[in-house]
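Notes follow the structure.
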Amino acid sequence: MSISSLLVPAILFFALGMFACIIKSDLKFPPDMHKMIVIYLLIGIGLHGGKALATSNMGDALPAVWAALGFGVGLPIIAYIILRGIGRIDPLNAAAISAHYGSVSAGTYMTAVAFLGGIGVTYEAYPVIMLAIMESPAIMIGLVLAGYSRKIMGGAQKGEKGMMKHLMIEAFTNGSILLLFGSMAIGAAVSDTSYKKIEPFFETIFMGALCIFLADMGMEAGKRLSEFKKVGVFLVGFGVVMPLIGAFFGIMVGHYYLQYSIGGVTLVTVLAASCSYIAVPPAMRLAIPEANPSFYLTLSLGCTFPFNVVIGIPLYYAGAQYLAGQ
Amino acid sequence: MSISSLLVPAILFFALGMFACIIKSDLKFPPDMHKMIVIYLLIGIGLHGGKALATSNMGDALPAVWAALGFGVGLPIIAYIILRGIGRIDPLNAAAISAHYGSVSAGTYMTAVAFLGGIGVTYEAYPVIMLAIMESPAIMIGLVLAGYSRKIMGGAQKGEKGMMKHLMIEAFTNGSILLLFGSMAIGAAVSDTSYKKIEPFFETIFMGALCIFLADMGMEAGKRLSEFKKVGVFLVGFGVVMPLIGAFFGIMVGHYYLQYSIGGVTLVTVLAASCSYIAVPPAMRLAIPEANPSFYLTLSLGCTFPFNVVIGIPLYYAGAQYLAGQ
Amino acid sequence: MSISSLLVPAILFFALGMFACIIKSDLKFPPDMHKMIVIYLLIGIGLHGGKALATSNMGDALPAVWAALGFGVGLPIIAYIILRGIGRIDPLNAAAISAHYGSVSAGTYMTAVAFLGGIGVTYEAYPVIMLAIMESPAIMIGLVLAGYSRKIMGGAQKGEKGMMKHLMIEAFTNGSILLLFGSMAIGAAVSDTSYKKIEPFFETIFMGALCIFLADMGMEAGKRLSEFKKVGVFLVGFGVVMPLIGAFFGIMVGHYYLQYSIGGVTLVTVLAASCSYIAVPPAMRLAIPEANPSFYLTLSLGCTFPFNVVIGIPLYYAGAQYLAGQ
Amino acid sequence: MIMRPETLISMNRIEIVVDEESLSDLLELCREAGVRGYTVIKQAGGLGSRGERRPDDYALEEKNAVVILACEEKQAERIIMSLRPKLKEFGGMCLISDCQWVIGPAASY
Amino acid sequence: MIMRPETLISMNRIEIVVDEESLSDLLELCREAGVRGYTVIKQAGGLGSRGERRPDDYALEEKNAVVILACEEKQAERIIMSLRPKLKEFGGMCLISDCQWVIGPAASY
Amino acid sequence: MIMRPETLISMNRIEIVVDEESLSDLLELCREAGVRGYTVIKQAGGLGSRGERRPDDYALEEKNAVVILACEEKQAERIIMSLRPKLKEFGGMCLISDCQWVIGPAASY
Ligand SMILES: Nc1ncnc2c1ncn2[C@@H]1O[C@H](COP(=O)(O)O)[C@@H](O)[C@H]1O
Ligand SMILES: Nc1ncnc2c1ncn2[C@@H]1O[C@H](COP(=O)(O)O)[C@@H](O)[C@H]1O
Ligand SMILES: Nc1ncnc2c1ncn2[C@@H]1O[C@H](COP(=O)(O)O)[C@@H](O)[C@H]1O
Ligand code: NA
Ligand code: NA
Ligand code: NA
């Protein structure tokens, strides 16, 4: 694997976006462009995943589901303990931040797919199921942690029950999750002839569209860099260490429990290491209005996402190679 | 024709959009995305049609033009008689609704094209001309029906003449119609070498883009379902029966008068059965401000469009097969 | 070269857009659509250029750089002299207009690329560098001319220095320029395997997307036609003659100094003949607030751009052919 | 104001800011209170008791809507009284001030 | 208001809502009446005598524009007088109220 | 106004129009002056001493932002005094008028 094969266009565009932001360029993508590309990418990844799953044994997908639920529940608890125990972060902010780390970043996942594609590595069909599943439990655990935090703070538990139900519904009707699940179902249902007709749009041009998405994410991440001071050294450090902790569990589960190939292990690791910036932030804003959104957004978008895209993915891949004894 | 070949991705995405709306998901596509895709699809269909027409005998297109004008004038009158005679709908609302049924839905047409493509059925080049022609006469007839309605109601005829001229101009300078005609002209004019260069954008990825369009239409249709109560049982029923009446004339004209192949007859039937939601609603809002827009929009988007997309198209295709003796 | 080979779809779509505007159609593309396509096209042209440059000798690019700087500095001075000497235009408006003619229009450049592609003519990799370079010096010269104008008008020189620095920074951090340079760098850096993955998006469908861009530009140009009266006969004439003067220098430099092929000479001529409507207008609005924006925008978008797209490009190509003795 | 009384009618101008999600509830209440005209501006942002709300934030889009409503004093009172119990829940703000309606357009107040 | 008179100028604030299609005619009239400053907010929606107008409706986009205009009382009267005959045609609404212009920015009224 | 005093609080309504680029500076100043609530509408256009500004122009997008701010009279004075020196630089306009805050939503003024 040469250096030039590491220069995946998607990642370079991410760097370009970040660079534009750092030199204070007036480069700006229309907000709707970003939304459109996200919709497109989610459908594309769903269709592709669904098609792959249709040809594989559905029973074999079960361990992936368990792993996803395990990450969704376990990682936020670990994050919460670190934030409270080592960082002395106040309970509600700790709960809000933790929830993000149980969830996943579809952008990071797709970058990893681009990375593997760039170096010609194949992977299993199951990680995409994990991508679709992991957002919901993380929101639930975030709410449980918030309830716990409020209890230890002795505060009122006003309307917790109603909120719980409200958020559970939201976690399952969330647009991104629905789009991903729906496209997976469609990808699995349609005939090969039909799929061929939509393949040029959803697969052939996918990697190029991903570049534009990542350029935009780079600008978004760059914007958040300026908030590092407000967020503090500990939290910025957490934004780099927590993905590594997640990655440790991810690589172990991927290799020993799921027993996937190098590509598959890399993807599972990326899922465990990444953290949400789509469904979880609005849910936490609603569930824990006392928490400061600039904390979790800066960590997620300004810290963990860039770390995973630029350093994490090649690192996790190297780790997966090492475990596989290559 | 197996069940799975009926599962055209475009129609499944329509169902997904409707489902998202029914379970009250927060899934939402940017409004500009929809406009962009419509522009793209209209150009794509126009170019494709123009290219096909360039290689066919222009004289043979004339019957299609007569058929289009016949539908545009005849169907609204039938609709008006039903709405007034059976439904006892007040004259101005009846006029506004009727106009929609003389016109066509490009979205339904493209879904039918996707459907035929999915099962590998070919069709004539002429129906696309009908698509471009049918919007304008329907608006004119709507205006005539409104004038007639006002007369029988004994109301003032203020400024009818000026409005007539204004709307005639608008019917011919309407953006969508212009785009369709313009692209047809361009498709017919350019050389094969030139066409090859733009084909990947306007043809190869067309079917995928159509999926996103239909997902959005599904959400739009889903939103209108909640208005069924306001609109009343008769009108909802009309929204299902009227396309069937249109389809009857369509299939007869397509098979006996135009003598097209099964694919061509299906498209002609779809044109006659479908009803506008692009050029006619704003025209009627202007021409008949007394009419309640939620009536015609609910019928068009919430009733007739979903009916045609999900049930109508396969039904019309089966009918065309039956007539052709297959 | 037959007439039909001149009927490049991109140019026909430009005509369609202008036609829509002239007949007062309500056709309108969402503003964000235009921005998105511009972003896409700039990246596409950058990547393609970068890839081509990576395989060519970088030392050979130097003459192109000198030519670009020469055009950027020389053409505005010529324009200023004509505007002041013949047209008796007031100094500040003259300065603002002049700056535009030292710069380039990426849209015209891409149309020329489409034109050459349509007739199967190849070209050198270097003109794209000129495209990226020429925007900045033109802004600088505009500022110098404004300073000179203010001096001969005896006005106050308030804050000239600060403005100079501010605009210099802006000229180099301008989003479009950054996108172009960045994509060139990425195109040059990535491996062929990686490039292949993004090629379908950035190259295969490029020409089709360009059509939509040009349809929109046609509407924009059409809108400006109505301002011709306000701008006056002299300036409208200048908007046609100035590109021809630029073209003269362009074709000479392209043929005798750079010694490019017919395709390359055509592109260099187009660069010299075209005039900016992206980075220069906002810079001039800031630097010379006294100048009337409707002057330079009408000239650039309503006059020079349509002239170059419809008449200029084939003319410059014919000129290049003539010089090459074909 | 030296304009003649047949030109102007004394009225109240009510200006309400709420989350976009609460907008349809608010407008429903308004219509129930007999309001016959209002103007809505969406995509607004702001600062309030719940902190900043940014309609153009990338990951956390929070949009406000501004509702402007001109009506006669009596009607204003009725509206305010029927809105008040819900205002607490909606959050945002509700202002009322005096203004003159320039006679001309069809009366929609 | 206890602020000193050199800080504030008594003025009128005119607020007009019309269809976006009528906006350019309205602004043309304003400029003819000598208006030297106004602010325009587009993409507004609302309810009025012609029913609801929704700027974000899928099939029937109807947009209003809000024009805000600060000017001296005399100027306001002139504007109102020259606008009034057209207001009937434009529809929408036109409000006028008192306000104070905070001296500071270049006078554009 | 015949409404009871426990319903309404007398307040000032400040309305500022500036370029979108100056908006963050303006809001920074507001927050420094202790403002606890404001509403922002972006994408506005207008006419002023620097000519027309069009937010939807193709080649020359110039956007204004409208800031609406309700606060108590004393606070208003403080805000105006601390804004005034910068208003010249920002351009645009700043209006102040009287209004009533309808008690109900959490106090954010
Ligand atoms: N004093 C105020 N002046 C202007 N707008 C306000 C004020 N207080 C609240 N708002 C608006 O109301 C929204 C919601 O306020 P809140 O419910 O207090 O968070 C804010 O985002 C502002 O747009
Ligand atoms: N009483 C009112 N208060 C606020 N806005 C109004 C009022 N009446 C009309 N409008 C606005 O003016 C637009 C057109 O009104 P109309 O011409 O009466 O249909 C409406 O869509 C509203 O945005
Ligand atoms: N008299 C006024 N009434 C309303 N808005 C104004 C007025 N003067 C200026 N503005 C607004 O302030 C912006 C900038 O004004 P200026 O700095 O004077 O060019 C204008 O584009 C308008 O939106
Ligand atoms: Na994670
Ligand atoms: Na029909
Ligand atoms: Na030039």
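So the protein lines, in turn, are chains A, B, C, D, E and F. Number 343 marks the last residue of the first sequence (the numbering used here); no jumps. Number 343 marks the last residue of the second sequence (the numbering used here); no jumps. Number 343 marks the last residue of the third sequence (the numbering used here); no jumps. Number 110 marks the last residue of the fourth sequence (the numbering used here); no jumps. Number 110 marks the last residue of the fifth sequence (the numbering used here); no jumps. Number 110 marks the last residue of the sixth sequence (the numbering used here); no jumps. All C-beta atoms, glycine included, are put in the ideal place defined by N, C-alpha and C. Just so it is clear, the structure is predicted and the values come from calculations on it, not from any experiment.
Which residues in chain E sit within 9 Å of S98 of chain F, going by Cβ to Cβ distance? One-based indexing of the sixth sequence puts residue 98 of chain F at position 97. At a C-beta separation below 9 Å, S98 of chain F has these neighbours in chain E: R14, S98, D99, C100, Q101.
* To do: Compare the C-alpha of V248 of chain C against each of C:F312, C:A81, C:I28, C:L242 and name the closest.
  => Within the third sequence, residue 248 of chain C is the residue found at index 231, counting from 1. Checking every option, the nearest Cα to that of V248 of chain C belongs to C:F312.
Could you check if S23 of chain E belongs to the surroundings of ligand 2, using beta carbon to heavy atom distance under 6 Å?
Here residue 23 of chain E refers to the residue found at position 22 of the fifth sequence. For ligand 2, not one heavy atom lies less than 6 Å from the Cβ of S23 of chain E.
Using CA coordinates, which residue listed in A:F88, A:I98, A:G319 is at the minimum distance from G235 of chain A?
For the purposes of this step, residue 235 of chain A is taken as the residue at position 218 of the first sequence. Minimum Cα distance to G235 of chain A is reached at A:G319.
- Message: On the CB-based measure, 16 or more other CB atoms within 10 Å of its CB, does V25 of chain C come out buried or exposed?
- Response: Counting from one through the third sequence, the residue named residue 25 of chain C turns up at place 8. Its Cβ being crowded by 16 or more others within 10 Å, V25 of chain C is buried.
### Message
List, in chain order, every chain D residue whose beta-carbon is nearer than 8 Å to that of R1 of chain A.
### Response
No information on residue 1 of chain A is available, as it lies outside the stretch 18 to 343 that chain A covers here.
Exercise. So what's E7 of chain E in DSSP terms, helix, strand or just coil?
Worked result: In the fifth sequence, counting from the first residue as 1, residue 7 of chain E sits at position 6. When DSSP states are grouped into helix, strand and coil, E7 of chain E belongs to the coil group.
Any non-hydrogen atom of ligand 1 closer than 6 Å to V103 of chain F Cβ
If you number the sixth sequence from 1, residue 103 of chain F lands on position 102. Result no, Cβ not under 6 Å from ligand 1.
- To the nearest angstrom, how far is it from the Cα of G267 of chain C to the Cα of H51 of chain A? Along the third sequence, read from residue 1 onward, the residue named residue 267 of chain C stands at position 250. Along the first sequence, read from residue 1 onward, the residue named residue 51 of chain A stands at position 34. Distance between the alpha carbons of G267 of chain C and H51 of chain A: 39 Å.
Query - As assigned by DSSP and simplified to three states, the class of V36 of chain F - result: One-based indexing of the sixth sequence puts residue 36 of chain F at position 35. V36 of chain F: coil per DSSP, three-state reduction.
Task: Nearest residue (CA-CA) to Y143 of chain A, options A:A289, A:G67, A:I94, A:A111 - done: Locating residue 143 of chain A in the first sequence gives position 126, where the first residue counts as 1. Closest by alpha carbon: A:G67.
Would you say G105 of chain F lies against chain D (beta-carbon separation less than 7 Å)? Counting from 1 along the sixth sequence, the entry for residue 105 of chain F is found at position 104. Interface annotation, G105 of chain F: in contact with chain D, CB-CB separation under 7 Å.
Closest residue to A77 of chain D among D:T8, D:R14, D:E53 (Cα-Cα distance): Locating residue 77 of chain D in the fourth sequence gives position 76, counting from the first residue. Comparing Cα-Cα distances from A77 of chain D to each of D:T8, D:R14, D:E53, the minimum goes to D:R14.
inquiry  = Suppose the cutoff is 7 Å on Cβ atoms and the five residues either side in sequence are ignored; what does the same chain contact list for K240 of chain A look like?
reply    = Here residue 240 of chain A is taken as the residue at index 223 of the first sequence, counted from 1. Beyond the five residues adjoining it in sequence on each side, K240 of chain A comes within less than 7 Å, by CB distance, of C38 in the same chain, given in chain order.
On a Cα-Cα basis, can you pick out the residue from C:T128, C:K45, C:Y126, C:L64 that is closest to Y212 of chain C? In the third sequence, the residue the question calls residue 212 of chain C occupies position 195. Nearest C-alpha to Y212 of chain C: C:L64.
For V327 of chain C, collect the residues of the same chain with a Cβ closer than 8 Å to its Cβ; drop the 5 residues on either side in sequence, then sort them by chain order.
-> Counting from one through the third sequence, the residue named residue 327 of chain C turns up at place 310. The answer, listed in chain order, is I28, F31, A32.
Can you pull out the residues from the segment 40-67 of chain D whose beta carbon lies closer than 7 Å to at least one beta carbon of chain A? R51, D57, Y59, A60, L61
- [ ] Tell me, please, whether the CB atom of S5 of chain C is closer than 7 Å to any CB atom in chain A?
- [x] Nothing can be reported for residue 5 of chain C: it is not among the residues displayed for chain C, which extend from 18 to 343.
Self-check item: Chain-ordered chain F contacts of V18 of chain D [CB-CB under 7 Å]
Solution: By 1-based counting over the fourth sequence, the position of residue 18 of chain D is 17. Result: T40.
Going by DSSP, what residue range makes up the beta strand (DSSP E) through Q101 of chain D? The residue given as residue 101 of chain D occupies position 100 in the fourth sequence. Note, Q101 of chain D: beta strand (DSSP E), 94-103.
Check your understanding: Which value, in whole angstroms, describes the spacing of the CA atoms of L275 of chain C and I62 of chain C?
Key -> Counting from one through the third sequence, the residue named residue 275 of chain C turns up at place 258. Counting from one through the third sequence, the residue named residue 62 of chain C turns up at place 45. Distance from the CA atom of L275 of chain C to the CA atom of I62 of chain C, rounded to whole angstroms, is 21 Å.
Same chain only: Cβ atoms within 6 Å of Y334 of chain A, ignoring 5 sequence neighbours per side: As a first step, residue 334 of chain A must be located in the first sequence, where it is residue number 317. Contacts found: T283.
Item to complete: Using the Cα positions of M12 of chain E and E74 of chain F, report the straight-line distance between them to the nearest angstrom.
Response: On the fifth sequence, position 11 is the one that residue 12 of chain E refers to. On the sixth sequence, position 73 is the one that residue 74 of chain F refers to. Roughly 18 Å separates the two Cα atoms.
Next item on the list: Consult DSSP for V257 of chain A and reduce its assignment to one of helix, strand or coil.
Entry: Working through the first sequence from its first residue, we reach residue 257 of chain A at position 240. If DSSP states are grouped into helix, strand and coil, V257 of chain A belongs with the helices.
*asked:* For A202 of chain B, which residues in the same chain have their Cβ closer than 7 Å to its Cβ, ignoring the five residues on either side in sequence?
replied: As a first step, residue 202 of chain B is located in the second sequence; it is residue number 185 there, counting from the start. Within the same chain, A202 of chain B has close Cβ partners G67.
Exercise. Check each candidate in A:P80, A:N191, A:V90 and name the one with the smallest Cα separation from E141 of chain A.
Key: Numbered from its first residue, the first sequence carries residue 141 of chain A at position 124. Out of A:P80, A:N191, A:V90, A:P80 has the C-alpha closest to the C-alpha of E141 of chain A.
*asked:* Can you confirm whether the segment 88-96 of chain E touches the segment 76-96 of chain F when touching is taken to mean that 3 or more C-beta pairs between the two stretches lie within less than 8 Å?
replied: Contact between the segment 76-96 of chain F and the segment 88-96 of chain E is absent, because fewer than three Cβ pairs lie under 8 Å.
Q: Can you pull the chain C residues whose beta carbon is under 7 Å from the beta carbon of M53 of chain B, in chain order?
A: Locating residue 53 of chain B in the second sequence gives position 36, where the first residue counts as 1. The contacting residues are P47, M50.
Three CB pairs or more closer than 8 Å across the segment 46-58 of chain D and the segment 51-70 of chain E:
no
Practice problem: Please go through the segment 152-232 of chain C and give each complete alpha helix (DSSP H) segment of 4 or more residues, from N-terminal end onward. | Solution: Within the segment 152-232 of chain C, the complete alpha helix (DSSP H) runs of at least 4 residues are 152-169, 177-190, 192-206, 209-216.
For R101 of chain C, name the three-state secondary structure that DSSP assigns.
-> The residue labelled residue 101 of chain C in the question sits at position 84 within the third sequence. R101 of chain C carries a helical assignment under DSSP once its states are collapsed to helix, strand and coil.
- Message: Using C-beta distances below 7 Å, list every residue in its chain close to E21 of chain F, excluding the 5 sequence neighbours before and after it, in chain order.
- Response: Within the sixth sequence, the letter at position 20 stands for residue 21 of chain F. Closer than 7 Å at Cβ, skipping near neighbours: K43, K64, N65, A66.
### Message
In this structure, how does DSSP classify V138 of chain C when only helix, strand and coil are distinguished?
### Response
Here the question's residue 138 of chain C lines up with position 121 in the third sequence. Coil.
**Q.** Length of the line joining the Cα atoms of L303 of chain A and H183 of chain A
**A.** For the purposes of this step, residue 303 of chain A is taken as the residue at position 286 of the first sequence. For the purposes of this step, residue 183 of chain A is taken as the residue at position 166 of the first sequence. L303 of chain A and H183 of chain A have their C-alpha atoms spaced approximately 10 Å apart.
Does C95 of chain F get closer than 7 Å to chain E when you measure Cβ to Cβ? On the sixth sequence, position 94 is the one that residue 95 of chain F refers to. Yes, because at least one Cβ of chain E sits closer than 7 Å to the Cβ of C95 of chain F.
Kindly say whether C228 of chain A, judged by its beta-carbon, lies nearer than 7 Å to any beta-carbon of chain C. What you label residue 228 of chain A is simply residue 211 of the first sequence in a count that begins at 1. Cβ-Cβ to chain C under 7 Å: yes for C228 of chain A.
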